[in-house]
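If you read the sequences in order, they're chains A and B.
Here the first sequence stands for residues 0 to 422, where the numbers follow numbering that gives the first Met the number 0.
Here the second sequence stands for residues 0 to 420, where the numbers follow numbering that gives the first Met the number 0.
Notes follow the structure.
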Amino acid sequence: MPYLSEIQHRRVIEPNGNEVGKLADVAVVPQGQFPAAQWAILTTPSGEKIIRWGDLAQEIGHFRLRSRLETTPDAQLPSEALRLARDLLDKQIVDTHGAKVVRVNDLQLSEVEGQLRLVGADVGLRGLLRRVGAESLAERVAGLAGRRLPRGIIPWHLVEPLETASPDAAKTAAVRLTIPHAKLALLHPADIADVVEEMTADERVAVFQQLDLETAAEALQEVEPEMQAAIVSDLPEERAADILEEMDPDEAADLLQDLPEERREELVELMEKEEAKDVEELLTYPQESAGGIMTSDVVALGGELTAAQAIDELRVKKPDPELTYYLYVVDGEGRLDGVLSLRDLVVAPPETKVNAIMDPHVLRVDAETPKEEVASLIAKYDLLALPVVDARRKLIGTVTIDDVVELMLPRGWKKRSLRSIAR
Amino acid sequence: MIRTASAVRRRARIRRGTLLAFLAVMGPGIITGFAGNDAGGVATYTAVGAHYGFAMLWLLLLSTAGLVVIQEMCARMGAVTGKGLSDLIRERFGVRWTIVAMIALLVANGSNVVAEFAGVAASLELLGIERVVSVPAAAIAIWALVVFFSYRVVERALFVLVLAFVAYPVTALIVKPDWDAVLKGVVLPTIPAEQAALIAALALVGTTITPYMQFYIQASIVDKGIDRELYRFARVDVYLGALLTGLNGFFIVVVAGAVLFPSHVTVNSAADAAQALGPLAGAQSKLLFGVGLFGASLLAATVMPLSTSYAICEAFGWESGISRNFREAPVFMGLFTLLIVVGALVVLSPSVPLIPLILVSQNVNGLLLPIVLVFILKLAGDRALMGDQANGRVSQIVGVGTALLASALSVGLVVTTLIRG
């Protein structure tokens, strides 16, 4: 009994062979790897009737009730139940293995230890052909050409149903909201971002509600800028502020820049003091300048430290990998004096002063420097990052290569989004 | 349920900056209105005016009313469900009906692509470029443009060319048509019961309410992230866009009716059509008309294959996106390429007169319109899907009326063709 489309609309008969209706739908509770069919929804002349799946027996070409229709007890669908035909068939799901949104053409069911279970979603051409009754014909045609029709089945445990916020019954919406996005959370944040971009606004918000903060922040950073702003606008303020705190300050500042002023202020207010301060500083610079794209997280070492002390300090601070390309040396006032690499620090004798190993000729830019200029400096001198200083040469941040890499790519390399103009 | 506090606050903000909010969501409707200004539209409106004077203006009025209501329905569906039209058709009607709807869309849009290439050929023939040169060049340019560059860059340039059609309202003022006769044409429903007139009438309806526009407007609303709250503002834009389409058609018919109809010009080529702008531009009218037609045709010839491929792949869950290659998105890239190749090939057959070819293509649109409308009306009237935003009685009646109008003309055309044949 392999596919939903094959058993849906089959006749249902009473023990005496009297036809009482048709099988309209099968319901499961989406828990475990392969959820078992627990209820059958029948269409009878007197309307819809929900019964337990166990009250039906499958026979060739039809289903037989174990007792007469009137004596078969009505069952109640719990709120977390999923009706396969109504809630899944023809809907979009996330293939968590391929990290993309696909459409369910059919559902594969299988008898496992005497239990009919949902084992996979058919998203391939075969499923489509089966729905129009042309699978065997197409198979024969393909066979003549010496080919076989490819199967496109995603095992159920790799599938994540998408919420659809249908305004009809609050019941339906509630069903969907109880499905956790546990499988989605296992994807790489960049993949989550790709998947999320395919979703509707409501689904996106639901996903960002449920992901843990760190994953949500990383995924949000990967989403396209216009969509970032839309997502943050739709999330509850508290949640949005929590996610913003987890983001890199420069990414958070960029995102906030795209929001209306009021909303921006509300969110910054809700953020933790320290993160808010970083972000607010960044917000004061124009978006197109070094100050606007830099991050204020920066590794600054005092010149009087010894190499050993400096390494100890790094051990304590545990800076992000992209911030350890270069280590900056500052004086007592925080003014930029020089630069050294992690390698310089590690190979130097432990008692040497940082001052002595640093390179005092350090290339730097002002906060007001246009970002294109920053990009061309980084490209010209083959740098991984550039320090940003204020008017008094005080170190205020760094622009890393990943902040400007888009400006260096040839035109057309950027992800093109044509969907809005073309459909 | 999710967005309580923020929604309330956002609504408050919108009320304060009403004009700003309107400008922010404005666009999709007006752009769709512009898209109605393609080769099919210009050729059809010119032919209708030249051959029947002002007699069919009433039909244009009805079509525009239908367009306004139907575009609003689709935009509303986009705002309420957050999904495209082909998404909704698939989810609500299943695989079989989706195939019916998508074949209708493919054929309608395919015939539009033919019309756009005919427009490219006709406009460049005015400048002395043979179609064996212009059509393949345009096809290759469009394909390469979309695949290797960004569509948006060229979009703006072509929009500027389309502005040449502002010449029609200006000409209308110069030629001073008999406004009483115009009014009579708008109010009195008359139609000659002959095949040629029915072809013109069905083309008029089909080009004003192109099925393509419904898919396009809904997708734009979804992509702009316009939801229920913002929809109040977007609706104005949708209405304006639909009215723009009708108004544009009105001026072309009036100008052609005032300039070409009295001298019994049969519109077979772009040169014939260009004469309508004679009172304004004199000897330069060919250039003016050619530039406008070229921009409009090329623009639509680019958008049409793309949007068709997106809609169909979305309905069946196939990979789509222009940044993907043939191996990643075979159906998407295949459909896109096929539409361009077929469109160009049809136009290349040398004996086909271009303007009549465009009229036939718009008839195909008119014939298929009722099919698409049935899906739209069922979806937009569905309370389970749309809740309190489902179609009211007026929308539903106008929608059904439009479908019936297009069906009646289609049946009439088929009957007269059979009788004659």
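Think of the CB as a built atom: it goes at the ideal place given N, C-alpha and C, for glycine as much as any other residue.
At a cut-off of 9 Å between beta-carbon atoms, Gln91/A makes contact with chain B. Inside the stretch 52 to 135 of chain B, DSSP marks whole alpha helix (DSSP H) runs of 4 or more residues at positions 56 to 80, 84 to 125, from first to last along the chain. In the three-state reduction of the DSSP assignment, Tyr327/A falls in the strand class.
Under the three-state reduction of DSSP output, Glu327/B falls in the coil class, being neither helix nor strand. With its beta carbon at least 9 Å from every one in chain B, Val206/A lies outside the interface. When Cβ-Cβ separations below 9 Å define contact, Glu115/B makes no contact with chain A. The beta carbon of Ser360/B sits closer than 7 Å to those of Gly39, Ser110, Asn111, Val113, Ala114, all from its chain and outside the five residues before and after it, given in chain order. Those residues of the stretch 83 to 115 of chain B placed with their C-beta closer than 7 Å to a C-beta in chain A are Gly83, Arg89, Glu90, Gly93, Val94, Arg95, Ile98, ordered along the chain. Considering only beta carbons, the part of the stretch 302 to 320 of chain B lying closer than 7 Å to chain A consists of Val302, Leu305, Ser306, Tyr309, Ala310, Phe315, Gly316, in chain order. Val79, Thr80, Gly81: these are the residues of the stretch 60 to 81 of chain B whose beta carbon lies less than 9 Å from some beta carbon of chain A, given in chain order. In the DSSP assignment, Trp178/B falls within the alpha helix (DSSP H) that extends over 178 to 186. Taking 9 Å as the cut-off, the beta carbon of Gly245/B is found no closer than this to the beta carbon of Leu366/B. Residue-level contact check: Met226/A touches chain B, since one or more beta carbons of chain B fall below 9 Å from its beta carbon.
Take the alpha-carbon of Lys377/B and the one of Ala273/B: they are about 42 Å apart. Restricted to the stretch 266 to 351 of chain A, the alpha helix (DSSP H) segments that are unbroken, complete and at least 4 residues in length are 272 to 282, 289 to 292, 306 to 316, 341 to 346, listed in chain order.
Pairwise C-beta distances place the stretch 161 to 180 of chain B in contact with the stretch 242 to 260 of chain B, as three or more of them are shorter than 8 Å.
Three or more beta-carbon pairs separated by less than 8 Å are not found between the stretch 80 to 91 of chain B and the stretch 192 to 206 of chain B, which leaves the two stretches without contact.
Ile141/B and Thr301/B have their alpha carbons spaced roughly 6 Å apart. Residues of chain B whose Cβ lies closer than 7 Å to the Cβ of Leu127/A are, in chain order, Val94, Phe315.
Identification of residues in the stretch 206 to 229 of chain B having a C-beta nearer than 8 Å to some C-beta of chain A yields Phe214, Tyr215, Ala218, Ser219, Val221, Asp222, Lys223, Gly224, Asp226, given in sequence order. Straight-line measurement puts the Cα of Gly16/A at about 12 Å from the Cα of Glu58/A. For Thr399/A, there is no enclosing alpha helix (DSSP H); the enclosing beta strand (DSSP E) has its first and last residue at 394 to 399. The alpha carbon of Tyr51/B has as its nearest neighbour, out of Asp271/B, Leu243/B, Thr189/B, Leu292/B, the alpha carbon of Thr189/B. Residue Ala355/A holds the alpha-carbon nearest to the alpha-carbon of Leu339/A among Ile400/A, Glu260/A, Pro349/A, Ala355/A.
In the DSSP assignment, Phe62/A is bridged to Val11/A, Gln57/A.
Remark: C-beta atoms of Ser122/B and Leu292/B approach each other more closely than 9 Å. Pro386/A: member of the beta strand (DSSP E) spanning 384 to 388, first to last residue.
Within the same chain, Cβ atoms closer than 7 Å to the Cβ of Arg125/A are found at Glu134, Leu148, Arg150, Gly151, the five residues on either side in sequence being excluded.
Separation of Pro329/B and Thr45/B (C-alpha to C-alpha, rounded to the nearest whole angstrom) is 39 Å. Apart from the 5 residues on each side of it in sequence, Glu244/A sits with its Cβ closer than 6 Å to the Cβ of Met270, Glu271, Glu274 in its chain, given in chain order. Here Ser45/A is exposed, its C-beta having fewer than 16 other C-beta atoms within 10 Å.
Secondary structure of Ser232/A (DSSP, three-state): helix. Annotation: the stretch 73 to 108 of chain A contains the following complete segments of the beta strand (DSSP E) (minimum length 3 residues), in chain order: 91 to 94, 99 to 102. Rounded to the nearest whole angstrom, the C-alpha separation of Gly32/B and Ile128/B is 30 Å. DSSP links Ile208/B through a beta bridge to no other residue. Gln213/B is the residue among Gln213/B, Phe53/B, Leu105/B, Val413/B whose C-alpha sits nearest the C-alpha of Gly240/B.
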